[in-house]
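S.K.: Submitted below is the structure of interest, expressed as C-alpha cells.
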Amino acid sequence: MIRTSLAASALFLGLAQAQAAPVDATASYVLTLGGINVAMMHIDLDDDGSSYTLGVKANVAGLGAVVASGTANVTAKGRSSGSTLRSESFALETRASGQTFTVDVGFAGQNVSSFKVDPPVSDYDRVPIERGHLTGVADFVSSFVLKGNALDKNLCDRRMRVFTGVERFNLDMGFVSDDNATSPRTGYQGPVVLCSIEYEPISGHYQNNEITNYLADESRILIWYMPLGDSGYFIPYRVLLGTSMGDLSMVLTKAEF
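Residues in the sequence shown are numbered consecutively from 380, following the numbering used here.
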C-alpha cells in the first residue's frame with residue numbers, strides 16, 4: 380500500500396521548454412484515503428539552470444490493516460537545460476514494519492544504465508523486464524514535474540515512460556479542462572489545468588496483482604497542474620486516484636518559491 384501511496388504521490392510532479400533561471404521551491408501535500416489522512420509529503424526542487432535535484436519525504440500515518448505506517452525518502456537528479464527533465468539518478472528508501480526497502484537507478488541519455496533493489500523482489504509471476512523496456516525512460520519522480528511556456532492544454536499532451544527500479548509502465552496524459560483552485564484551505568488559489576491519466580503496465584509487475592490490474596482496467600486518475608510562479612515549472616495542485624478502497628487524494632497545502 381506504501382507503493383500505491385507513492386505511485387499516487389508519484390502522480391504529482393513534469394515538461395516543455397528550457398529555462399535558465401535558478402529555481403528553489405518547496406511544496407507540501409496531504410494524502411487522504413477515503414477522506415482519512417494517511418500521509419504527509421514534502422517536496423524540494425532545486426534547479427541551477429542546467430541541473431536539478433528533487434527531494435521527496437513522506438510520512439505515512441497508517442490506516443489499520445490497509446496502510447502500514449512508515450517513511451519514504453526519494454532523491455532524483457538530472458539535467459534540466461532541455462525541454463524536459465533528463466534523469467541521471469534515482470534513489471528510494473522506505474521504512475515500514477521494521478523493514479527497509481531501497482532502490483537505486485542510474486540513467487544515461489534517457490536509458491537505464493544500472494539498477495539495484497534491496498531486498499530483491501521475487502520474480503515469481505512477474506512480467507520479465509526486457510532490455511528494450513529500459514530505453515527512453517525517466518525516473519519515478521522527475522517524470523511528473525512539467526516544464527512549459529504556459530498553463531494550457533499542451534501540458535497534458537504527453538506520454539510518460541517510467542521505470543521505478545522495479546516496474547516499467549507508461550502514463551498517457553490527456554487534456555480534460557481548464558479549472559480554478561479556489562479553496563482557502565489549500566496552498567494555492569488560481570488557474571489550474573486538469574489532465575487525465577491512463578496507466579499501461581509494461582513489465583516488472585506481478586501478472587495477478589490486484590492493484591496493477593485495477594489501475595490498468597478500472598481506476599480513474601486525474602491531476603490538476605498549477606504554475607510554480609514564473610519559473611517555467613508546473614507541479615500538481617491536486618491528484619485523485621480511484622482505488623477499490625476509496626479515492627486516494629493528494630492536495631497541496633503549502634508552496635514556497
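The beta carbon of each residue, even a glycine, is placed where N, CA and C say it ideally should be. As the structure is a prediction and not an experimental result, all values here were calculated from the model.
Please work out which residues of its chain come closer than 6 Å, Cβ to Cβ, to Thr450, disregarding the five sequence neighbours upstream and downstream, and give them in chain order.
M.R.: So the qualifying residues of the chain are Asn438, Arg474.
S.K.: Along the chain, where does the beta strand (DSSP E) containing Glu577 start, and where does it finish?
M.R.: Start and end: 569-582.
S.K.: Tell me, to the nearest whole angstrom, how far the beta carbon of Leu471 is from that of Thr479; I am working on the premise that it is less than 8 Å.
M.R.: Contact flag wrong, Cβ pair sits at about 11 Å.
S.K.: Would you mind working out which of Gly477, Gly457, Gly414, Ser462 sits nearest Phe649, comparing C-alpha positions?
M.R.: Residue 649 lies beyond the residue range present for the chain, which begins at 380 and ends at 636; the question has no answer from this structure.
S.K.: Residues in the same chain with beta-carbon distance under 6 Å from Thr543, minus the five sequence neighbours each way, listed in chain order, please.
M.R.: Here the set comprises Phe519.
S.K.: Which partner residues of Val618 appear in the DSSP bridge assignment?
M.R.: In the DSSP output, where bridge partners are listed per residue, Val618 has Ile602, Met629.
S.K.: Could you give the residue range of the beta strand (DSSP E) that holds Leu424?
M.R.: 415-426 is the span of the beta strand (DSSP E), which, as asked, contains Leu424.
S.K.: In angstroms with no decimal places, state the Cα-to-Cα distance between Ser476 and Ala400.
M.R.: About 42 Å.
S.K.: Taking all protein chains shown into account, decide if Glu546 is buried (16 or more other Cβ within 10 angstroms of its Cβ) or exposed.
M.R.: Under this definition Glu546 is a buried residue.
S.K.: From Asp497 to Pro507, what distance separates their C-alpha atoms?
M.R.: Distance between the alpha carbons of Asp497 and Pro507 is about 18 Å.
S.K.: Look at the alpha carbon of Leu573 and the alpha carbon of Ser556, and state the distance between them as a whole number of angstroms.
M.R.: The straight-line gap from Cα to Cα measures roughly 5 Å.
S.K.: With DSSP as the reference, label Asn592 as helix, strand or coil.
M.R.: In the structure shown, Asn592 sits in a helix (DSSP, three-state: H, G or I).
S.K.: Among Thr432, Gly428, Tyr585, which residue has its Cα nearest to the Cα of Asp502?
M.R.: Closest by alpha carbon: Tyr585.
S.K.: Which term fits Ile415, buried or exposed, when burial requires 16 or more other beta carbons within 10 angstroms of its beta carbon?
M.R.: With fewer than 16 Cβ atoms within 10 Å of its Cβ, Ile415 is classed as exposed.
S.K.: In the DSSP assignment, find the unbroken beta strand (DSSP E) run with Tyr431 in it and report its ends.
M.R.: That run of the beta strand (DSSP E) goes 430-439.
S.K.: Under the assumption that Arg540 contacts Val516 (Cβ atoms under 8 Å), give the Cβ distance between them as a whole number of angstroms.
M.R.: Yes, they are in contact, since the Cβ atoms of Arg540 and Val516 sit about 5 Å apart, within 8 Å.
S.K.: According to DSSP, simplified to helix, strand and coil, what is Phe486?
M.R.: Reduced to three states, the DSSP call for Phe486 is strand.
S.K.: Count the other CB atoms within 10 Å of the CB of Asn559; is the residue buried (16 or more) or exposed (fewer)?
M.R.: Exposed, because fewer than 16 other Cβ atoms sit within 10 Å of the Cβ of Asn559.
S.K.: Could you tell me which residues DSSP puts in a beta bridge with Asp403?
M.R.: The partner list for Asp403 (beta bridge, DSSP) reads Asp425.
S.K.: Taking 7 Å as the limit between beta carbons, can you name the residues of its chain near Ser623, skipping five residues before and five after?
M.R.: Within the same chain, Ser623 has close Cβ partners Tyr593.
S.K.: Within the same chain, show all residues whose beta-carbon is closer than 6 Å to that of Asp427, passing over the 5 residues directly before and after it, in chain order.
M.R.: Within the same chain, Asp427 has close Cβ partners Pro401.
S.K.: With distances taken from CA atoms, which of Glu579, Phe613, Pro570 is nearest Leu534?
M.R.: Per the Cα distances, Phe613.
S.K.: By DSSP, does Phe523 sit in helix, in strand, or in coil?
M.R.: Phe523: helix per DSSP, three-state reduction.
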